[in-house]
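Participant: Residue numbers (our numbering): 8 to 553.
1) If residue 450 and residue 480 are in contact, beta carbons under 8 angstroms, what's the gap, nearest whole angstrom?
2) Using only the alpha-carbon positions, how far apart do residue 490 and residue 524 sit?
3) Is DSSP giving residue 462 helix, strand or coil here?
4) By how many angstroms is the C-alpha of residue 190 removed from the C-alpha of residue 125?
5) Assuming the contact rule is C-beta atoms closer than 8 angstroms, residue 412 and residue 511 should be a hit. Round their C-beta distance to whole Å, please.
6) Any chance you could list the beta strand (DSSP E) runs of at least 3 consecutive residues sitting entirely within the stretch 58-145, in chain order?
7) Within 10 angstroms of its Cβ, does residue 544 collect 16 or more other Cβ (buried), or is it exposed?
8) Below 8 angstroms, how does it come out for the stretch 237-247 and the stretch 206-222: are there three or more Cβ pairs, yes or no?
9) Quick one, which of 227, 255, 292 has its alpha-carbon nearest residue 273's?
10) Which of the three DSSP states is assigned to residue 478 in this structure?
11) Does DSSP classify residue 545 as helix, strand or coil?
12) Of all the options 470, 280, 81, 72, which has the alpha carbon lying nearest to the alpha carbon of residue 98?
13) Should residue 66 and residue 180 be called a contact, given that it needs their Cβ atoms to be closer than 9 angstroms?
14) Counting beta carbon pairs with one atom in the stretch 431-443 and one in the stretch 388-406, are three or more of them shorter than 8 angstroms?
15) Counting Cβ pairs, one atom from each stretch, are 3 or more of them under 8 angstroms apart for the stretch 459-477 and the stretch 532-541?
16) Hey, quick one: how far does the beta strand (DSSP E) through residue 510 stretch, first residue to last?
17) Taking the alpha-carbon positions, what's the residue 350 to residue 356 distance?
18) Taking only the alpha-carbon atoms, compute the straight-line gap between residue 31 and residue 224 and give it to the nearest angstrom.
19) What residue range does the alpha helix (DSSP H) around residue 530 cover?
20) Along the chain, where does the beta strand (DSSP E) containing residue 395 start, and where does it finish?
21) What's the C-alpha gap between residue 202 and residue 64?
22) Check this for me: beta carbons of residue 62 and residue 105, under 9 angstroms apart or not?
23) Tell me which same chain residues have a C-beta within less than 6 angstroms of the C-beta of residue 386, skipping the five on either side of it?
24) Helix, strand or coil, according to DSSP, for residue 260 in the structure here?
25) Could you give the C-beta distance for residue 198 and residue 56, rounded to a whole number, given that I count them as a contact under 8 angstroms?
26) Going along the chain, which residues of its own chain have a beta-carbon closer than 7 angstroms to the beta-carbon of residue 194, five neighbours each way excluded?
27) Tell me the rounded alpha-carbon separation between residue 172 and residue 147.
28) List the DSSP bridge partners of residue 456.
29) Closer than 8 angstroms by C-beta to residue 139: which residues in its own chain qualify, once you throw out the five before and the five after it? Chain order, please.
30) Using only CA atoms, which one of 299, 83, 447 lies nearest to residue 482?
31) Looking at the structure shown, is residue 430 part of a helix, part of a strand, or coil, going by DSSP?
32) Which residues in the same chain as residue 131 place their Cβ atom closer than 6 angstroms to its Cβ, once the five residues preceding and following it in sequence are excluded?
33) Hey, quick one: how far does the alpha helix (DSSP H) through residue 486 stretch, first residue to last?
34) Would you tell me roughly how many angstroms separate the C-alpha atoms of residue 38 and residue 204, rounded to the nearest one?
35) Which class does residue 535 belong to by DSSP, given the choice of helix, strand or coil?
36) With DSSP collapsed to three states, give me the class of residue 493.
The structure is reproduced here in structure tokens:
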């Protein structure tokens, strides 16, 4: 019984909606049809008024141009500067105006088919013919102005000129233009009145149809409001209960209509939400447990960070040790220059130049240490340019020899290739090689030998390998992968020399990679270490471009 009642209610509700929509559609269609008809009438009257206004403006402009032409004639007769170009321009303007008036007269004939309007159109057409003949006569007369006034006194010449302006085909042009302007003015007022009446009718029709449509909509809305009030209230109560979290509330609408479907959907949603709430409580508990675990992990990470900060502070304390390489080179050069008897001035100059290079290297090292301390090793500045690595190696050999002598170690080298061109920063490359030479000196035994070898290699492209080999304490294989970490020093290096900060190799590696190269180490504990610096060379074409 309930199902049958709901089916009847559903069918009635759909029928009501169909009838209401059809009624509103018919009323709207009627309103649209009346509106289209009225708009068409208004557009017709507006077009008639616009053409009439344009015709009146054309005759007014024609009269104004004729007066300007008369002024030009007066200036010409009294010797003023009135040019032929000005006359021709005015005549051309009048011809253009007459052409426009012909076109507007034709448009007026198409838009206005009344008998009275046709008579006015014929009069307008006759007037335009007379005006065009007058314009042609006027153009010929003004072109032959000297012949026209030849043999005449001033008064006679002036009368002849006025005759050209005021008479044509036996008609007084002044009177003709006045009559035309009066007729067009009356026509314009009439068409404006017709336009206003059409707009008034359009407004009245629009108001009437709109009122009808609004009244029909209000009646339909009132009827539907009464039919929809009870199911809408039930649905609103159910939505409010769901919003406040009362998931046990159920909407009691069992009909087969649309509202019954919505009610059943909302009841099913409440059931699903109840299940999800229980599941959410379980997941929240699991999440809280996970947060507790992550908190413990973060605490451990914070402790590790604190340890890292301690090491960082220790790094700042050890920065001064890294300055030892350039200062050792400076001291070695000074000792060599001061040792023994008096030397030639050029030897002292060479020593001072090497000391100057070492001080520049010292400044660069200080900048790098500050950068390293801020964890910005990737931002080390490189001033790239075409350089010959042979010149860099010669300077490195000179400075490294002084450093080696100060530690009772010998630095040996083999002849370089004749030319090793690449793009890079010469000062930074010196820093790379001097760091490796300094490490080789520091971890070599007194009296030991360090070799410096450079060779060109072709591996799918020209490269240069600079090998620095020592016979010192060496590095264990398990430690080789760590020596490029900042602040790291192998245990045997710490026992051999207690000083050092572990910054030299990381800086050298960053600079080599900044030039597109790399550094590799091979070592045997107790027998020594070989450091190989690989850099890409420029091709011949690159050298010419550089």
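The beta-carbon is built from N, C-alpha and C at its ideal position, and this holds for glycine as well.
Facilitator: Answer, in terms of the structure:
1) Counting from one through the chain shown, the residue named residue 450 turns up at place 443. Counting from one through the chain shown, the residue named residue 480 turns up at place 473. 5 angstroms between Cβ atoms; contact.
2) In the chain shown, residue 490 corresponds to position 483, counting from 1. In the chain shown, residue 524 corresponds to position 517, counting from 1. Each residue's Cα considered, the two are about 18 angstroms apart.
3) Within the chain shown, residue 462 is the residue found at index 455, counting from 1. Looking at residue 462 - three-state DSSP - the assignment turns out to be strand.
4) Here residue 125 corresponds to residue number 118 of the chain shown, with the count starting at 1. Here residue 190 corresponds to residue number 183 of the chain shown, with the count starting at 1. Using only the alpha carbons, I get a separation of about 13 angstroms.
5) For the purposes of this step, residue 412 is taken as residue 405 along the chain shown, with counting starting at 1. For the purposes of this step, residue 511 is taken as residue 504 along the chain shown, with counting starting at 1. With 8 angstroms as the limit, residue 412 and residue 511 do not qualify as a contact, their Cβ atoms being about 20 angstroms apart.
6) Segments of the beta strand (DSSP E) lying fully in the stretch 58-145: there are none.
7) Here the question's residue 544 lines up with position 537 in the chain shown. Residue 544 should be labelled buried.
8) The answer is no - the stretch 206-222 does not touch the stretch 237-247, with fewer than three Cβ pairs under 8 angstroms.
9) Counting from one through the chain shown, the residue named residue 273 turns up at place 266. Out of 227, 255, 292, the CA that lies nearest to the CA of residue 273 is found in 255.
10) Working through the chain shown from its first residue, we reach residue 478 at position 471. DSSP places residue 478 in coil when its eight states are reduced to three.
11) The residue labelled residue 545 in the question sits at position 538 within the chain shown. Residue 545: coil per DSSP, three-state reduction.
12) Start at 1 with the first residue of the chain shown, and residue 98 comes out as number 91. Comparing alpha carbon positions, the residue from 470, 280, 81, 72 closest to residue 98 is 72.
13) Taking the chain shown and counting its residues from 1, the one referred to as residue 66 is at position 59. Taking the chain shown and counting its residues from 1, the one referred to as residue 180 is at position 173. Not closer than 9 angstroms, so no.
14) By the C-beta criterion, the stretch 388-406 is judged to be in contact with the stretch 431-443, since at least 3 inter-stretch pairs fall below 8 angstroms.
15) As far as the Cβ criterion goes, the stretch 459-477 touches the stretch 532-541, which means the pair count is three or higher.
16) In the chain shown, counting from the first residue as 1, residue 510 sits at position 503. First-last for residue 510: undefined, no H or E at that position.
17) As a first step, residue 350 is located in the chain shown; it is residue number 343 there, counting from the start. As a first step, residue 356 is located in the chain shown; it is residue number 349 there, counting from the start. C-alpha separation (whole angstroms): 10 angstroms.
18) Here residue 31 corresponds to residue number 24 of the chain shown, with the count starting at 1. Here residue 224 corresponds to residue number 217 of the chain shown, with the count starting at 1. Roughly 7 angstroms between the two C-alpha positions.
19) Here residue 530 refers to the residue found at position 523 when the chain shown is read from its first residue. Membership of residue 530 in any alpha helix (DSSP H) is not indicated; the residue belongs instead to the beta strand (DSSP E) covering 525-531.
20) As a first step, residue 395 is located in the chain shown; it is residue number 388 there, counting from the start. For residue 395, the enclosing beta strand (DSSP E) begins and ends at 392-395.
21) Position 195 of the chain shown holds residue 202. Position 57 of the chain shown holds residue 64. If I take the Cα positions, the gap works out to 19 angstroms.
22) Counting from 1 along the chain shown, the entry for residue 62 is found at position 55. Counting from 1 along the chain shown, the entry for residue 105 is found at position 98. By the CB criterion at 9 angstroms, residue 62 and residue 105 fall outside the cutoff.
23) Working through the chain shown from its first residue, we reach residue 386 at position 379. For residue 386, the pLDDT reaches just 42, beneath the cut-off of 50, and the residue's location in the model is therefore unreliable, although a value from the coordinates is still provided. If we look at residue 386 and ignore the five residues flanking it on each side, it has no Cβ neighbours.
24) Working through the chain shown from its first residue, we reach residue 260 at position 253. Coil, per DSSP.
25) Translated into positions along the chain shown, residue 198 becomes position 191. Translated into positions along the chain shown, residue 56 becomes position 49. Contact holds; Cβ gap of about 4 angstroms.
26) For the purposes of this step, residue 194 is taken as residue 187 along the chain shown, with counting starting at 1. Setting aside the 5 residues that flank it on each side, residue 194 is surrounded in the same chain by 59, 127, each with a C-beta closer than 7 angstroms to its C-beta; the list follows chain order.
27) Here residue 172 refers to the residue found at position 165 of the chain shown. Here residue 147 refers to the residue found at position 140 of the chain shown. In this structure, the alpha-carbon of residue 172 lies about 12 angstroms from that of residue 147.
28) By 1-based counting over the chain shown, the position of residue 456 is 449. Per DSSP, 417.
29) As a working mapping, residue 139 is identified with position 132 in the chain shown. Counting only Cβ-Cβ distances below 8 angstroms, and skipping sequence neighbours, we find 105.
30) In the chain shown, residue 482 corresponds to position 475, counting from 1. Considering only alpha carbons, the answer is 447.
31) Start at 1 with the first residue of the chain shown, and residue 430 comes out as number 423. Of the three classes helix, strand and coil, the one that applies to residue 430 here is strand, per DSSP.
32) One-based indexing of the chain shown puts residue 131 at position 124. Cβ-Cβ distances below 6 angstroms link residue 131 to 112 in the same chain, with the five nearest sequence neighbours on each side left out; the list follows chain order.
33) Indexing the chain shown from 1 puts residue 486 at position 479. Residue 486 -> alpha helix (DSSP H) spans 484-487.
34) Numbered from 1 along the chain shown, position 31 holds the residue referred to as residue 38. Numbered from 1 along the chain shown, position 197 holds the residue referred to as residue 204. Their Cα atoms are separated by approximately 19 angstroms.
35) As a first step, residue 535 must be located in the chain shown, where it is residue number 528. Note: residue 535 maps to strand in three-state DSSP.
36) By one-based count along the chain shown, residue 493 stands at place 486. Three-state DSSP puts residue 493 in coil, outside helix and strand.
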